[in-house]
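Peer 1: To start, I am sharing the structure in question, which I have written as structure tokens.
Here is the structure:
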């Protein structure tokens, strides 16, 4: 069980440079998303969201059918499907294939699914070199950090941070101009692409009726990773399925816009099997590793299974006032922000990080921007109730439970409620006063006062004033 | 003949900001409504619901349903409490058909104050006069769960002497979030500071909202930081002459 990382959160809030970096980057993404989803620019945006939600709902509720359909078409295309229960099975397959083929160097394009199972570490542990080729991911690999954000993994790094990392890890001269920095990375990575034995990618969508893997990106590194090496392995969660190629028309319209404010990303690759005899480019071998890693557990809950609709656009992170304060690394798993807060407890069990569903003001901004209309606040509420139940089973949280029981009892007894309020006012209150301190403040009162002043209870409650007003009028 | 309306003033306003309830009553009386205040009312149950205590929330919600069962119009000076009753009671009573039926009946009879003025009373100009440079804070539940956006601004635009300025960004949360504010005080306080910066940038001397809980957070944090911006509920402004 992880405790609330209070110290680390405090450090993030106190780091003005970090706060500035997060605010600038997420703010830019929020503005760009807003601009390309406005009714003037995209009149059918809300309908697209509804459609996307319905398509995902249909797919998730018929997942067994679409998984088999996908396998059938992929196989017909000459690809090979590998079912993986978890990260160990994914790594084992790749390791054994690499051994058979004598492969040593792997290039990787950006994939949250492989981050989820810490694939690089597993491969490196067995002597393979796995190089991230997305610029942000590459920076973080050099810095030995996990992604800060689903879409913009190095969002928290300024160009000065990047200059330091490149100088230290690549031995190049300090370079703070972003364009020059990308050229440095390009030079290093180009060599890796040409020498790589295997390319590993994720998948944005798996198209069942064509057996294709759809990948969107802006840097061209995913296209290179999936076509230059002789072997391409796509690692994807089972929830990435969509029924038909034409459904991409809905999702591609939403994904780029929601993620980076682009009507379409620079590259959209739809990969359907290995190189054919008439084709010039492409891998000789094409594998799709379909991974469960806890996803089928989510299918069991009819309300919360919508968490699997997520297309990993990151819009909920950018708009989330909590993410923007505490940053990506204070979430317990690689999935941060609101989507992380709802899927982490479902994958790992609510008692792993019992504080997580409570770390939200329930402002609802996430649900408003979600392109597949996941009801994130409602799921957070459901998870809170689950945490409380689990805690009570373990004999924890008894005091809080008791407090709410007493409170509920009081709220059902108006006379006592009034008496309690009046007593509180008598003890604390003076007319029109805000309290900057309360003697012997503990618990919630102390927590409130650490950031704010506290309104003293009104000397006379509304109900009392109302009675007096009525009496005064002789009513 | 004047219609009769029932007030649900919410526990926060009853105990901490009774002047807001009185102001709301003033506005409604001036519009000719006869006012009923069911004395047995307490809370809508949201604190327990949002904290994950469903059973406790249900108990309080049942009490609410009983108290307001016969009311034709229930008017609430809070977007958050209105939304709790309108949207979340159904979730609470999924397994209690009789209560579910009652919750659905009440859903169409409960009105957030500004929505009632605009959609039922059909009035934009309540004859208010209030000298201030003000900015309007969109409370999250009013904005996103009840779609209250232009309404309060339209009402404020008709207040004589009031200049309304928009915040940039306009829709960010103040950081209150009920128990969130005391479970994560530092994060909540950080969110309040971001909100306050947006308020200060407008140069307004008054911040107005339809939720007293947001205003408690905003004003509490402003006082702590030594800023002199008034925080007022929409009803208080509309009741001014």
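Chains as they are written, first to last, in this note's numbering: chain C, 64 to 538; chain D, 11 to 251. Here a beta-carbon is modelled for each residue, glycine too, at the ideal position from N, C-alpha and C.
Verify whether the separation of the beta carbon atoms of residue 84 of chain D and residue 149 of chain D is less than 8 angstroms.
Peer 2: No, the Cβ-Cβ distance between residue 84 of chain D and residue 149 of chain D is not below 8 angstroms.
Peer 1: Rank D:72, D:123, D:143 by C-alpha distance to the C-alpha of residue 112 of chain D and give the top, closest one.
Peer 2: Of the candidates D:72, D:123, D:143, the one whose C-alpha sits nearest the C-alpha of residue 112 of chain D is D:72.
Peer 1: Is the shortest distance between the beta-carbon of residue 405 of chain C and the beta-carbons of chain D less than 8 angstroms?
Peer 2: Not closer than 8 angstroms to any Cβ of chain D, the Cβ of residue 405 of chain C fails to qualify, so no.
Peer 1: Report the partner residues of residue 174 of chain D according to the DSSP bridge assignment.
Peer 2: Answer by DSSP bridge pairing, in chain order: D:144.
Peer 1: Could you list which residues in chain D have their beta carbon closer than 7 angstroms to that of residue 609 of chain C, in chain order?
Peer 2: The structure shown does not extend to residue 609 of chain C, since chain C spans only 64 to 538, so no value can be given for it.
Peer 1: List the whole-angstrom C-beta distance separating residue 349 of chain C from residue 141 of chain C, where the pair is believed to meet the contact cut-off of C-beta under 8 angstroms.
Peer 2: About 7 angstroms separates the two Cβ atoms, so the contact holds.
Peer 1: Let me confirm a value: residue 353 of chain C is counted as buried when at least 16 other C-beta atoms fall within 10 Å, else exposed. Which label applies?
Peer 2: That one is buried.
Peer 1: Using a Cβ-Cβ distance under 8 angstroms, would residue 32 of chain D count as near chain C?
Peer 2: At least one chain C Cβ lies under 8 angstroms of residue 32 of chain D.
Peer 1: For residue 96 of chain D, would you say it is in contact with chain C, using Cβ-to-Cβ distances shorter than 8 angstroms as the test?
Peer 2: Closer than 8 angstroms: no.
Peer 1: Determine, using beta carbons only, whether residue 125 of chain D comes closer than 8 angstroms to chain C.
Peer 2: No, no contact with chain C.
Peer 1: To be precise: take each residue of the stretch 190 to 205 of chain D, compare its Cβ to all Cβ atoms of chain C, and keep it if any distance is under 8 angstroms. Which residues remain?
Peer 2: If the cut-off is 8 angstroms between Cβ atoms, the stretch 190 to 205 of chain D has 190, 191, 192, 193, 194, 195, 196, 197, 198, 199, 200, 201, 202, 204 near chain C.
Peer 1: Give me the chain D residues within the contact set of residue 474 of chain C, using Cβ-Cβ distance strictly less than 7 angstroms, ordered along the chain.
Peer 2: Per Cβ cutoff of 7 angstroms: 52, 53, 70, 73.
Peer 1: Do you know offhand how far residue 254 of chain D's Cα is from residue 513 of chain C's?
Peer 2: Given a span of 11 to 251 for chain D in the structure shown, any question on residue 254 of chain D remains unanswerable.
Peer 1: Could I get the ranges of all uninterrupted alpha helix (DSSP H) runs contained in the stretch 348 to 408 of chain C, with 4 residues as the minimum, in chain order?
Peer 2: Whole alpha helix (DSSP H) segments, 4+ residues: 358 to 362, 378 to 382, 384 to 389.
Peer 1: Applying the 10 Å Cβ sphere with the 16-neighbour rule, what's the burial state of residue 106 of chain C?
Peer 2: Exposed, because fewer than 16 other Cβ atoms sit within 10 Å of the Cβ of residue 106 of chain C.
Peer 1: So is residue 79 of chain D buried or exposed if we call it buried at 16+ other beta carbons inside 10 Å?
Peer 2: Residue 79 of chain D is exposed by the Cβ-count criterion.
Peer 1: Near residue 51 of chain C, which residues of its chain fall below 6 angstroms by C-beta distance, leaving aside the five closest residues on each side in sequence?
Peer 2: Outside the modelled stretch of chain C, which goes from 64 to 538, sits residue 51 of chain C, for which no answer is possible.
Peer 1: Give the secondary structure of residue 482 of chain C by DSSP, where H, G and I count as helix, E and B as strand, and everything else as coil.
Peer 2: Helix at residue 482 of chain C.
Peer 1: Measuring CA to CA, which of C:378, C:289, C:259 is closest to residue 92 of chain C?
Peer 2: Ranking C:378, C:289, C:259 by Cα distance to residue 92 of chain C puts C:378 first.
Peer 1: In whole angstroms, what is the alpha-carbon distance linking residue 269 of chain C and residue 373 of chain C?
Peer 2: When rounded, the distance between both Cα atoms is 14 angstroms.
Peer 1: Less than 6 angstroms between C-beta atoms, sequence neighbours within five positions excluded: which residues of the same chain meet that for residue 60 of chain D?
Peer 2: Only 188 meet the Cβ criterion.
Peer 1: Between residue 23 of chain D and the rest of its own chain, which residues show a CB-CB distance below 7 angstroms, the 5 nearest in sequence each way excluded?
Peer 2: Correct list, in chain order: 30, 31, 87, 222.
Peer 1: Give me the chain C residues within the contact set of residue 27 of chain D, using Cβ-Cβ distance strictly less than 8 angstroms, ordered along the chain.
Peer 2: Those within 8 angstroms of residue 27 of chain D in chain C are 518, 521.
Peer 1: In the DSSP output, which residue or residues are listed as bridge partners for residue 146 of chain C?
Peer 2: DSSP output for residue 146 of chain C lists C:353 as bridge partner(s).
Peer 1: Measure the alpha-carbon distance for residue 114 of chain C versus residue 331 of chain C and round it to whole angstroms.
Peer 2: Straight-line Cα distance between these residues: approximately 21 angstroms.
Peer 1: Here's the rule: buried if 16 or more other CB atoms are within 10 angstroms of the residue's CB, otherwise exposed. What is residue 104 of chain D?
Peer 2: Exposed: under 16 other Cβ atoms inside 10 Å.
Peer 1: Are residue 65 of chain C and residue 416 of chain C close, meaning C-beta to C-beta below 8 angstroms?
Peer 2: Yes, they are a contact pair.
Peer 1: Considering only DSSP beta bridges, list what residue 294 of chain C is partnered with.
Peer 2: Paired residues: C:261, C:348.
Peer 1: Name, going along the chain, the residues of the stretch 213 to 240 of chain D whose beta-carbon falls closer than 7 angstroms to a beta-carbon of chain C.
Peer 2: Answer in chain order: 226, 227, 230, 231, 233, 234.
Peer 1: Would you say residue 24 of chain D faces chain C, with C-beta separation under 8 angstroms as the test?
Peer 2: Taking Cβ atoms only, chain C reaches closer than 8 angstroms to residue 24 of chain D, which makes this a yes.
Peer 1: Using 8 angstroms for Cβ pairs, my map puts residue 99 of chain C next to residue 375 of chain C. What's the rounded Cβ distance?
Peer 2: In fact, because the Cβ distance is near 18 angstroms, the residues do not count as touching under 8 angstroms.
Peer 1: Answer with yes or no whether the minimum CB distance from residue 245 of chain D to chain C is below 8 angstroms.
Peer 2: For residue 245 of chain D, the answer is no, since every Cβ of chain C falls outside 8 angstroms of its Cβ.
Peer 1: Roughly how many angstroms lie between the CA atoms of residue 458 of chain C and residue 452 of chain C, to the nearest whole one?
Peer 2: Roughly 10 angstroms separates the two Cα atoms.
Peer 1: With DSSP as the reference, label residue 255 of chain C as helix, strand or coil.
Peer 2: Note: residue 255 of chain C maps to helix in three-state DSSP.
Peer 1: Between residue 166 of chain D and residue 218 of chain D, what straight-line distance do the alpha-carbon atoms span, to the nearest angstrom?
Peer 2: Spanning the two alpha carbons is a distance of roughly 9 angstroms.
Peer 1: By Cβ distance, which residues of its chain are closer than 7 angstroms to residue 227 of chain D, with the 5 residues on each side in sequence left out?
Peer 2: Contacts found: 184, 185, 186, 191, 202.
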